[in-house]
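In the numbering used here, the protein residues as written are 210 to 413.
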C-alpha cells in the first residue's frame, strides 16, 4: 500500500500549497485526483513519487519510507519531452531502467523502429508511449499519471488508458491526476479533489 500522511508543502515563504494532505492507494486500484489549476495536484504527485520532500508528514510504501535506488513508485507528466535526455536515442531511453519485451512494447504501441531516433524525431504521443514503457518495469508497483493523456489525440488516449487499466487488473496502482472529470469517472474506482490544501472525497 502507498500512503501519504498529513503532508504540508509550500515553496519558500509563499502561501502553503498543501496542508494536512492524506491519501491511500492500494495495488490494483486507480485513484482519481482533480482540482483547480494551481491547487497543488502536480506538487502532490511529485511528492508521492519522491521528487519533492514534504515539509511535514510522510510518504510510506508498505508502512516504511521508500528505499533508495529504483523506486517502486514511478511518475509520468504530460510534457514527456522534459522527462528524457534529448541527446539520447530512444532505445537507450527505453532500456534505461529495464528491458521491455516485445509484448509490452506492442501493447503500449512502441515500435522498435524508433530505437535509433532521438526524442525530437517522433511525435508527442509517441514519446509519451516511450516514457510509459520506460516507467513500467517489473519493480514498478505504483504509477503517478499526471495529466498523462491531456496532450494526446482521443484515439491514443483510449489506447493508453486501456493498456493501463489492464495493468491495473494485474496489480498496478495508479494515481490519475487530471482536469478531465469524465476521464477520471471512467477509469477510477475512487476520486479525491484537492482544494484549500487538503483532500476531500468525491461521491460518484
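Ideal placement from N, C-alpha and C gives every residue a C-beta, glycine not left out.
| Query | Result |
| --- | --- |
| What does the alpha-carbon distance come out to for the pair residue 277 and residue 263? | 17 Å |
| Output needed for residue 255: all residues of its chain with C-beta closer than 6 Å, excluding positions within five of it in sequence on either side, in chain order. | 261 |
| Please state whether the Cβ-Cβ distance between residue 363 and residue 307 is less than 8 Å. | no |
| Looking only at C-alpha atoms, which of 212, 211, 336 and 230 sits nearest to residue 219? | 230 |
| What residue ranges within the segment 256-315 form continuous beta strand (DSSP E) runs of no fewer than 3 residues, ordered along the chain? | 265-270 and 282-286 |
| Quick one: is residue 286 buried, meaning 16 or more other Cβ sit within 10 Å of its Cβ, or exposed? | buried |
| Quick check for students: name the residue ranges of the beta strand (DSSP E) that lie wholly in the segment 325-390, counting only runs of 3 or more. | 351-355 and 382-386 |
| Going by the CB atoms, is the gap between residue 403 and residue 248 shorter than 8 Å? | yes |
| Taking the CB atoms as reference points, tell me whether residue 335 and residue 323 lie closer together than 8 Å. | yes |
| Does residue 291 pass the burial test, meaning 16 or more other C-beta atoms within 10 Å, or should it be called exposed? | exposed |
| Just verifying my parser: in three-state terms, what is the DSSP assignment at residue 242? | strand |
| As a quick exercise: from 350, 281, 326 and 369, pick the residue whose alpha carbon is nearest that of residue 303. | 326 |
| State the DSSP-derived secondary structure class of residue 225, mapped to helix, strand or coil. | coil |
| At which residues does the beta strand (DSSP E) containing residue 249 begin and terminate? | Segment: none, residue 249 is in no beta strand (DSSP E) and carries neither H nor E. |
| Would you identify the three-state DSSP class for residue 415, choosing helix, strand or coil? | Since the first residue shown for the chain is 210 and the last is 413, residue 415 is missing from the structure and cannot be characterised. |
| Going along the chain, which residues of its own chain have a beta-carbon closer than 6 Å to the beta-carbon of residue 226, five neighbours each way excluded? | 218, 219, 249 and 252 |
| Does the beta-carbon distance from residue 328 to residue 361 come in below 8 Å? | no |
| I need the DSSP call for residue 394, collapsed to helix, strand or coil. | helix |
| Is residue 265 closer than 8 Å to residue 216 when the C-beta atoms are compared? | yes |
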